């Protein structure tokens, strides 16, 4: 086992004061969401960079359960911060440009008011007299800090896990004070499973023989075993099964000889025992109970309707990030948030970042090249630093899951499709790739454009371009989108690669007043001849890229087939445009024979054209 | 919240003796796997049904961590057993026919020798002096019981979770004493994650202020809180996230008012607190530690090679079952076992039963219609009760994931394929459906036939027919099968529905000395004409079932295309048979035009024909 195994994202600093922390005390009593009040509130925080004259370059970083205000190093000699990869000079959150504020949250034990603070009414630590606090209360304390710092509006608020709960609360409680929100690896409420783990952790603390009903501050021992047990449970939930296998699988029975009073038979045991023991040195059990209870009580609802109502209050732009292997805050929960935002026609981008690191992924460098750049791109665009479209070359358009163009010349159909989009229309582009069509539609005059794309790199590019894009698999449906939500839905050269053709078309027609579908025509004379005369599956270096055995194109159909389909399904066809892309010409004579590409404008029967 | 929520598979019986339990004491000392010995061993057990004169109808049921000998009711007035759905008159394990034995395991606290038993050397309970025991030691105690009962060979040994560990140990340690083994929801060793949860549970017990180094039997309090915490953690891991959501999602903040000293804020909290509190009444903390440690130490290795070596000792037939939502013993771990068995050319069937119930699924009725019948079918075949093949009608062959036959008449190709299989050959059938081809091959003269199939119902039918079948997705590869493991691999009318054509063909050729591939020929004149003359994707009620937009057939290729493919990939073609299935005739003239079905016999270049 290497020392690496025992590195923790929580560096142990209990003995050392937080060197760069400042604190501000607010004498006015603070009423609490669930009743009661705190007679005064102290907020401990650190800042990085400088607030500009317009006070419009401030970014709030919200920490999670066991974090603190020390989000990043202040200089090379400083202690490591818990998010050094993200925050610093030249980093995605660039402290040369932005003024970064990171407060210790209310209820914490690293300088802000918490159960270990002195209750001014009694002159003793609150202990279990500390009232039940909520995430809203934490945000209220942060609001006071913002006022104190003269920040009327955050350029961005972001945080992972419980930091994401604060981010969402900021955006929905103070809509005019948040320009962009980045909730990461978070949820609208905990899963029952995650909540259950918290309950067991609190039970371990509460029933520890040294808990003394929370008044243990003047005792020789606190509920150290209970807190360590809670932390061990937490650590398991932060890691993915794959990450645990990688860390502990090979050296299963070779524990490190750490000085702990917990079981050391297995390597994973020595790791957990070490983490639990160390945590006790720097964290207060009452704070742990107060903060996890606030997290467990955070509940924006479970139904799409409730969530949509909650998020209707927000006005900001959103970047929502989750991680594929996170089972504590599973990606479905981020998708629920995205769905609620989409239902509100909010400007939102979403990516479920591929990762093996579990919930911890948002603190680790492993996938940082992807999600770190998404955060950078999103914030840069908030700050009005949109890179010109010229930077992106459509010729290099990667096709990811939806390798649409089986024809040589690229996206000739874009121009025709952009012409077909009604003036000022809202546009949803399915299989949007790097955003070639979206950016053209936006440049024209569409006021709301959003893409759906599966490929992570393509999603990143869209975000960098300032385009809204939601990562999703078309075959899994367009559930997040409401009926008739868009003026125009586009599916360009993707249908032939789709499994659930009926489902995707039905969903398009549900979501869009008008739909534009382009597809290669397998009735094209060259293709027919290949089968008829040569007895071979249609392919050609000139016209078709793929072999029959590896083509992403799995649906073979002609213009006539699609016409039949529309008739059978009672779909209204507004326009049919047939193109010979080799000749760059529109085809009017026998298009099913003479066109290699078709564009259909369709709608549900009865929709206005 | 309903009372239902608080039903547990562990019925609380601590106050009542196990009415029907018998016990036998073995005076001879038992040497233990990790050193030391027990001066004597008592095994408590229950039996159901009657041992026949030949003593060949005995079935051993091994319980899991917290179970006991009371696997089922003995009569209608008896207490519920923990596996009543499976064991009883007319049940899948039919006590009218079989003699069922269920012992309490060594280390337990329900009658068999464990840490709470009196140490004959001291006259006091063992407590922490109880030596470290392993699953092998448990099986050794069960072996003594088998000898005592006059059972030379079990017809079947089965068990879920840790009961599966015992099952595997029986089959590999006493190969001549097990006819069939059914390990369920189990593994060759725990995941690091599962092991970590056990460690935390033991830490909670060990560091409980009332643990007294394990010598708490004469104290007013034992480590009740620690044991309850361990049990709460366990309960979370037994449930799937979906099951927890279903149980606790809607009534999140409506806990039941149970008399517990644990947190009751949330419904899931009252559930866990109740389960933890009840567990303490019927289970001994030292037993919990001893048994979980035995489970954690169970380790047949992690590499395919080690596992293959371990399983090479077994001689029995196998039915391996896992559950899709089981994250404590994830299905991959059962697949590792299956892979090791396949590598040893063992007779094995496997199904990953679709379930939302998590690890608990094996004790619940939800999916019992599927896996219960698999167990019944497997045991019936062990007992020589193979249903005649006539019971199964190939005309009803369901095609599940591989809806192969796009042509009307069914499986005409079976007869030709069976003719092509070399005499006495071992056969692997990919996409085997309900086993139509397998049973024909077996009837002919193949000594080893095994199917690969995705559809759960089709897998069940194969098991009922006494055919070996492994549930797997062809597109995910044939990794479990070794190079050139089979004389003959068959892929009949499935290739056109396969995504990864190159991968599947390459894997077939790797695994089989000779491969037989049948597929519909899209060069058939009728199909060509549809595209060429009518300009439509080939389909017809008479010949093709599906529409272009919903056909499972996603690869369009002709005999000529497949010939080209073989040439390009350097695949040796031994025979080409072309059929006109409508005319039921072989086609010799221009098969690419005149045949609707082709059968290719191929091998890696260089293989013997």
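Protein chains in written order, with the working numbering: chain U, 1 to 609; chain Z, 1 to 609. We put the CB at the ideal spot given by N, CA and C, even for glycine. Given the structure is predicted, the values throughout are model-derived calculations rather than measurements.
Spatial neighbours of residue 312 of chain Z in its chain, beta-carbon cut-off 8 Å, leaving aside the 5 residues before and after | To locate residue 312 of chain Z, count along the second chain from 1; it is residue 312. Here the set comprises 344.
Within the chosen definition, does the region 43-60 of chain Z reach the region 114-126 of chain Z through at least 3 CB pairs nearer than 8 Å?
-> no
Which chain U residues are close to residue 47 of chain Z, counting only those with a beta carbon under 7 Å from its beta carbon?
-> As a position in the second chain, residue 47 of chain Z is number 47, starting the count at 1. Ordered by position in chain U, no residue passes the 7 Å Cβ test against residue 47 of chain Z, which lies about 36 Å from the chain.
For residue 479 of chain U, is the classification buried or exposed, using 16 other Cβ atoms within 10 angstroms of its Cβ as the cut-off for buried?
-> Numbered from its first residue, the first chain carries residue 479 of chain U at position 479. Exposed, since its Cβ has fewer than 16 Cβ neighbours within 10 Å.
Alpha carbon to alpha carbon, how far is residue 335 of chain Z from residue 240 of chain Z?
-> Residue mapping note: residue 335 of chain Z aligns to position 335 of the second chain, counting from 1. Residue mapping note: residue 240 of chain Z aligns to position 240 of the second chain, counting from 1. Between residue 335 of chain Z and residue 240 of chain Z, the C-alpha separation is close to 20 Å.
Pairwise C-alpha distance: residue 491 of chain Z and residue 553 of chain Z | For this step, residue 553 of chain Z is matched to residue 553 along the second chain. For this step, residue 491 of chain Z is matched to residue 491 along the second chain. Rounded to whole angstroms, residue 553 of chain Z to residue 491 of chain Z spans 15 Å at the Cα level.
Rounded straight-line distance, which links the Cα of residue 23 of chain Z to that of residue 246 of chain U = Within the first chain, numbered from 1, the residue matching residue 246 of chain U stands at position 246. Within the second chain, numbered from 1, the residue matching residue 23 of chain Z stands at position 23. Cα-Cα distance, rounded: 44 Å.
So, is the C-beta of residue 233 of chain Z closer than 8 Å to a C-beta in chain U?
-> As a first step, residue 233 of chain Z is located in the second chain; it is residue number 233 there, counting from the start. Taking Cβ atoms only, chain U reaches closer than 8 Å to residue 233 of chain Z, which makes this a yes.
Could you check which residue in Z/180, Z/326, Z/214, Z/365 has the C-alpha nearest to that of residue 124 of chain Z?
-> As a working note, residue 124 of chain Z is residue 124 in the second chain. When each option's Cα is compared against that of residue 124 of chain Z, the closest is Z/214.
In angstroms, rounded to a whole number, what distance separates the CA positions of residue 365 of chain U and residue 37 of chain U?
-> Mapped onto the first chain, residue 365 of chain U falls at position 365. Mapped onto the first chain, residue 37 of chain U falls at position 37. Using only the alpha carbons, I get a separation of about 40 Å.
Do you know offhand how far residue 389 of chain U's Cα is from residue 435 of chain U's?
-> For this step, residue 389 of chain U is matched to residue 389 along the first chain. For this step, residue 435 of chain U is matched to residue 435 along the first chain. Bear in mind that a pLDDT of 40 at residue 389 of chain U, under 50, signals an unreliable position, so the number given afterwards is only what the model happens to contain. Going from the Cα of residue 389 of chain U to the Cα of residue 435 of chain U covers about 10 Å.
What does residue 585 of chain Z pair with, by DSSP beta-bridge criteria?
-> Along the second chain, read from residue 1 onward, the residue named residue 585 of chain Z stands at position 585. Looking at the DSSP assignment, residue 585 of chain Z forms a beta bridge with Z/580.
Going by DSSP, what residues sit across from residue 47 of chain Z in a beta bridge?
-> For this step, residue 47 of chain Z is matched to residue 47 along the second chain. Paired residues: Z/101.
For my contact list, residue 167 of chain Z and residue 183 of chain Z are in at a C-beta cut-off of 8 Å; report their separation, rounded to the angstrom.
-> Residue numbering aside, residue 167 of chain Z sits at position 167 when the second chain is read from its first letter. Residue numbering aside, residue 183 of chain Z sits at position 183 when the second chain is read from its first letter. Correct: roughly 5 Å between the Cβ atoms.
Can you check DSSP and say which residues form a bridge with residue 453 of chain Z?
-> Position 453 of the second chain, counted from the start, is the residue given in the question as residue 453 of chain Z. Paired residue(s): Z/471.
Got a sec: which bits of the region 252-270 of chain Z sit with their beta carbon under 9 Å from any beta carbon on chain U, in order along the chain?
-> 252, 253, 261, 262, 263, 265, 266, 267, 268, 269
Return helix, strand or coil for residue 318 of chain U, following the three-state DSSP convention.
-> For this step, residue 318 of chain U is matched to residue 318 along the first chain. Strand at residue 318 of chain U.
Residues of chain Z with a CB under 7 Å from the CB of residue 245 of chain U: which are they?
-> Counting from one through the first chain, the residue named residue 245 of chain U turns up at place 245. 191, 192, listed in chain order.
Measure the C-alpha to C-alpha separation of residue 181 of chain Z and residue 86 of chain Z and round it to an integer number of angstroms.
-> As a position in the second chain, residue 181 of chain Z is number 181, starting the count at 1. As a position in the second chain, residue 86 of chain Z is number 86, starting the count at 1. Roughly 16 Å separates the two Cα atoms.
Nearest-angstrom beta carbon gap, residue 359 of chain Z and residue 326 of chain Z [assumed within contact, 8 Å] = For the purposes of this step, residue 326 of chain Z is identified with residue 326 of the second chain, where counting begins at 1. For the purposes of this step, residue 359 of chain Z is identified with residue 359 of the second chain, where counting begins at 1. Confirmed, Cβ separation roughly 5 Å.
Could you tell me the distance, in whole angstroms, from the CA atom of residue 228 of chain U to the CA atom of residue 378 of chain Z?
-> As a first step, residue 228 of chain U must be located in the first chain, where it is residue number 228. As a first step, residue 378 of chain Z must be located in the second chain, where it is residue number 378. The alpha-carbon atoms of residue 228 of chain U and residue 378 of chain Z are separated by roughly 47 Å.
Beta carbon proximity, residue 288 of chain U to chain Z, threshold 8 Å | On the first chain, residue 288 of chain U is found 288 positions in, with the first residue counted as 1. Not closer than 8 Å to any Cβ of chain Z, the Cβ of residue 288 of chain U fails to qualify, so no.
Is residue 532 of chain Z helix, strand or coil by DSSP?
-> The residue labelled residue 532 of chain Z in the question sits at position 532 within the second chain. In this structure, residue 532 of chain Z counts as helix in the three-state DSSP scheme.
Among U/424, U/271, U/195, U/198, which one has its Cα closest to the Cα of residue 259 of chain U?
-> Residue mapping note: residue 259 of chain U aligns to position 259 of the first chain, counting from 1. Closest option to residue 259 of chain U, Cα to Cα, is U/271.
Status (buried if at least 16 other CB within 10 Å, exposed otherwise) for residue 349 of chain Z = For the purposes of this step, residue 349 of chain Z is identified with residue 349 of the second chain, where counting begins at 1. So residue 349 of chain Z ends up on the buried side.
Option nearest residue 511 of chain Z by Cα separation, candidates Z/319, Z/450, Z/275 | To locate residue 511 of chain Z, count along the second chain from 1; it is residue 511. Answer by Cα proximity: Z/450.
Are the region 496-515 of chain Z and the region 417-434 of chain Z in contact at 8 Å, needing three or more beta carbon pairs?
-> yes
Have a look at Z/145, Z/84, Z/34, Z/77 and flag the residue whose alpha-carbon is nearest the alpha-carbon of residue 131 of chain Z.
-> As a position in the second chain, residue 131 of chain Z is number 131, starting the count at 1. Of the listed residues, the one whose Cα sits closest to residue 131 of chain Z is Z/34.
Would the beta-carbon of residue 341 of chain Z fall within 8 Å of that of residue 375 of chain Z?
-> Position 341 of the second chain, counted from the first residue, corresponds to residue 341 of chain Z. Position 375 of the second chain, counted from the first residue, corresponds to residue 375 of chain Z. No; because the gap between Cβ atoms is not below 8 Å, this pair is not in contact.
Span separating the alpha-carbon of residue 501 of chain Z from that of residue 573 of chain U = Here residue 501 of chain Z is taken as the residue at index 501 of the second chain, counted from 1. Here residue 573 of chain U is taken as the residue at index 573 of the first chain, counted from 1. Going by the C-alpha atoms only, they are around 36 Å apart.
Would a C-beta distance cut-off of 8 Å place residue 514 of chain U and residue 488 of chain U closer than the cut-off?
-> As a first step, residue 514 of chain U is located in the first chain; it is residue number 514 there, counting from the start. As a first step, residue 488 of chain U is located in the first chain; it is residue number 488 there, counting from the start. Contact flag set, yes.
Among U/224, U/195, U/452, which has the Cα closest to the Cα of residue 262 of chain U?
-> Locating residue 262 of chain U in the first chain gives position 262, where the first residue counts as 1. Looking at the Cα atoms, U/224 is the closest of the given residues.
For the region 492-509 of chain Z, enumerate the residues whose C-beta is nearer than 7 Å to any C-beta of chain U, in chain order.
-> 501, 502
Three or more C-beta pairs below 8 Å linking the region 188-203 of chain Z and the region 156-170 of chain U | no
Taking only the alpha-carbon atoms, compute the straight-line gap between residue 578 of chain Z and residue 597 of chain U and give it to the nearest angstrom.
-> One-based indexing of the second chain puts residue 578 of chain Z at position 578. One-based indexing of the first chain puts residue 597 of chain U at position 597. Each residue's alpha carbon lies about 35 Å from the other.
Can we count residue 304 of chain Z as close to the ligand FAD, meaning its CB is less than 7 Å from some heavy atom?
-> Among the components modelled here there is no ligand, and therefore nothing to report on the ligand FAD.
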